[in-house]
Amino acid sequence: MATSASVKQILGDLNKDSFVTLLGKLIGESKYVQNNPPELIPEEDRIVNHVLDTLLPYSTTTGGGPLIINHVTYKPNRGNLIVEYPGTQPGKILSFVGMHMDVVTANPDDWEFDPFSLSIDGDKLRGRGTTDCLGHVALVSELMRRLGETKPQLKSTVVAVFIASEENSSIPGVGVDALVKDGLLDKLKQGPLFWIDTADKQPCIGTGGSIPWKLHVTGKLFHSGLPHKAINPLELAMEALKEIQSCFYRDFPAHPKEQVYEFATPSTMKPTQWFYPGGGMNQIPGECTVSGDVRLTPFYNVSDAMKKLQEYVDDLNANIEKLDGRGPVSKYVLPDENLRGRITISFDEASSGVACDLNSRGFHVLCKATKEEVGHVKPYSITGTLPLIRDLQDEGFDVQTSGYGLMATYHAKNEYCLLSDMCQGYRVFASVIAQLED
């Protein structure tokens, strides 16, 4: 049986030429895996086919090796790929999951280089998907290829799950949600699951929940030269939002566990968009809508926050005349006309945050591997949202997360990753596998 040291020696370092060649093929497909329905529906099988070209020669499918490959498709051209390197000890398993084969959109006119072909600038590997997440698809493919090629005798089964449809959830039943529903990932619950879709080479141990909200405000339209005859919905929205935010930060203050998990920010509630129906400069509109989101650390309950926001709005409507006005004739009630300004709040699909298990063996081996290969370990948390991993955690998976792209280029124009970071990521994976043999 292979020892921890021998496993690392057998797996060696990332084959840079092979990795860059595969990544070039994947980035060459990125135009066709942009995920923004209904206009852009990705064809993840374009990525699957390149991964299969890399791994099939070392698979039981061709008889060339030990890799067990399962191409699972729920929608045409939108496959997932489960690749298994069998170990010798039943029930001993680890998995790398979350390497998704779709990307966010890119407008070539806004980029300094072609987003849909791989270009190399020194250590930089440039193109849409290099950081998020085709770089990780190529990286884990190279790991599984090396396992299939070298055939180390491992006690642990190593599984890689390349998934469809991570960037947009408007078309359900395509990716990891369907795989979980069908029980195809159940055995991964027996060991640590490493979700490879974050950045900056450090364990990401916490993420935020998200509550998208819309605040619709109704006033009374009138000429701006006679503001005493109007209820200005823009002013009402500003005052109401100020009050709602004050209440939110009172009820959801910084939580003590946020320090333990190194969250960059506490929970927040803020506007991000403003809409009104149009009209002249001399016209006070009759309505407006302010939209935004709540980012909630995982130590608070999303349902509780939504209930509180509704309570704030109900209280404002009942006491709208008590809100501060904006000037001597600014008001939100017109008693002579029996009119009151009104506020309603609605929510789009909310998701909960994640706090990874800091007592998990998976967490400890990831930290040790990171310190060994990167030189230091500093776990972090952000209130960005990864709803899929919360769903996995709720299903009983021990989820840990990491990634080897760059947070600064995540979903950004001129996206790139660093080849040196991907090389370190490969060695981290090898160390994780090796440690879990002991």
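full-length UniProt numbering numbers the first residue of the sequence shown as 1 and each following residue consecutively.
Every residue, glycine too, gets a C-beta built ideally from N, C-alpha and C.
Note that this is a predicted model, so its numbers are computed, not measured.
Taking the continuous beta strand (DSSP E) assigned at residue i, which residues delimit it?
i      : result
Leu296 : 287-296
Ser346 : 342-347
Lys270 : 268-275
Leu56  : It is not in any beta strand (DSSP E) - Leu56 carries neither H nor E in the DSSP assignment.
Ala160 : 157-163
Asp121 : 119-121
Val72  : 68-73
Ile382 : Here Ile382 belongs to no beta strand (DSSP E), and DSSP marks it neither H nor E.
Val33  : No beta strand (DSSP E) holds Val33; DSSP gives it neither H nor E.
Pro212 : 209-218
Asn80  : 79-85
Val104 : Premise fails: Val104 is in no beta strand (DSSP E) and is neither H nor E.
Leu125 : 124-126
Rank the options by C-alpha distance to the C-alpha of residue i and give the top, closest one.
i           : options                        : result
Gly183      : Lys413, Phe429, Thr370, Phe397 : Phe397
Gly362      : Tyr312, Leu236, Val428         : Val428
Ala350      : Gly209, Ser156, Lys151         : Gly209
Ser352      : Leu388, Pro379, Ala369         : Leu388
Asn317      : Gly87, Gly219, Pro76           : Gly219
Leu339      : Ser6, Leu215, Ile231, Gln245   : Ile231
Glu235      : Ile10, Val217, Cys367, Phe96   : Val217
Val174      : Lys307, Asp45, Val432, Ser402  : Asp45
Tyr85       : Asn77, Lys75, Phe96            : Phe96
Glu39       : Thr105, Ser117, Tyr312         : Thr105
Ile93       : Asp186, Gly135, Met101         : Asp186
Ser224      : Ile284, Leu418, Gln310, Phe252 : Ile284
Leu436      : Gly87, Met422, Leu309, Glu287  : Gly87
Cys247      : Asn80, Thr383, Lys307          : Lys307
Asn301      : Ile211, Arg326, Phe263, Val365 : Ile211
Ala237      : Gly280, Arg342, His71          : Arg342
residue 439 : Ile41, Ser169, Tyr249, His100  : Absent from the structure is residue 439, since the part of the chain shown begins at 1 and ends at 438.
Pro277      : Tyr404, Leu221, Val51, Thr60   : Leu221
Gly12       : Gly280, Ile82, Ile69, Glu149   : Glu149
Asp132      : Ser330, Ile27, Asn319          : Ile27
Leu56       : His71, Asp121, Pro328          : His71
Ile205      : Gln259, Thr62, Ile345, Gly135  : Gln259
Lys151      : Asp304, Gln9, Gly122, Leu386   : Gln9
Asp419      : Asp121, Glu337, Gly98          : One detail in the question is off: residue 419 reads as Leu in this sequence, not Asp. Closest option to Leu419, Cα to Cα, is Asp121.
Pro253      : Gly279, Thr297, Gly280         : Thr297
Gly91       : Val158, Glu262, Lys257, Pro256 : Val158
Ser346      : Lys214, Pro328, Asp110, Gly325 : Lys214
Gly129      : Gln34, Ile320, Arg145          : Gln34
Asp391      : Gly98, Ser402, Glu321          : Gly98
Ser170      : Glu337, Ile433, Ile41, Ser6    : Ile41
Gly327      : Leu309, Glu239, Ser165         : Glu239
With residue i and residue j assumed to form a contact (beta carbons below 8 Å), what rounded beta-carbon distance in angstroms separates them?
i      : j      : result
Val103 : Ser30  : 5 Å
Leu14  : Glu142 : 6 Å
Ala355 : Phe299 : 7 Å
Val377 : Gln424 : Contact flag wrong, Cβ pair sits at about 12 Å.
Leu23  : Leu118 : 6 Å
Ile244 : Tyr312 : 5 Å
Pro227 : Gly286 : About 14 Å separates the two Cβ atoms, so there is no contact after all.
Val137 : Phe162 : 6 Å
Gln400 : Ser360 : 7 Å
Leu139 : Met422 : 5 Å
Asn77  : Asn168 : No, Asn77 and Asn168 are not in contact; Cβ-Cβ is about 16 Å, not under 8 Å.
Tyr416 : Leu125 : 6 Å
Val180 : Glu395 : 6 Å
Gln89  : Lys155 : 4 Å
Identify the continuous alpha helix (DSSP H) that holds residue i and give its terminal residues.
i      : result
Ala318 : 302-318
Leu366 : 361-374
Ser246 : 233-251
Pro192 : Element bounds for Pro192: not the alpha helix (DSSP H) but the beta strand (DSSP E), 192-196.
Gln299 : According to the sequence displayed, residue 299 carries Phe and not Gln. It is not in any alpha helix (DSSP H) - Phe299 carries neither H nor E in the DSSP assignment.
Gly144 : The identity of residue 144 in the sequence shown is Met, whereas the question assumes Gly. Element bounds for Met144: 134-150.
Gly425 : 419-435
Val20  : 16-27
Val180 : 176-181
Glu258 : 257-260
Three CB pairs or more closer than 8 Å across the segment 189-204 and the segment 287-296: Contact fails between the segment 189-204 and the segment 287-296, because fewer than three Cβ pairs, one in each stretch, are under 8 Å apart.
The segment 197-208 in contact with the segment 405-417 per 3-pair CB rule at 8 Å: When Cβ pairs closer than 8 Å are counted between the two stretches, the segment 197-208 is seen to touch the segment 405-417, the count reaching three or more.
Validate contact between the segment 293-306 and the segment 265-275 using beta carbons, cut 8 Å, 3 pairs: With a cut-off of 8 Å on Cβ pairs, the segment 293-306 is in contact with the segment 265-275, counting three or more such pairs.
In chain order, each beta strand (DSSP E) run of at least 3 residues that lies wholly inside the segment 384-417: If we require 3 residues or more, the beta strand (DSSP E) runs fully inside the segment 384-417 come out as 398-402.
Sufficient close CB pairs (3 or more, under 8 Å) joining the segment 423-437 to the segment 368-382: Verdict: yes, contact present.
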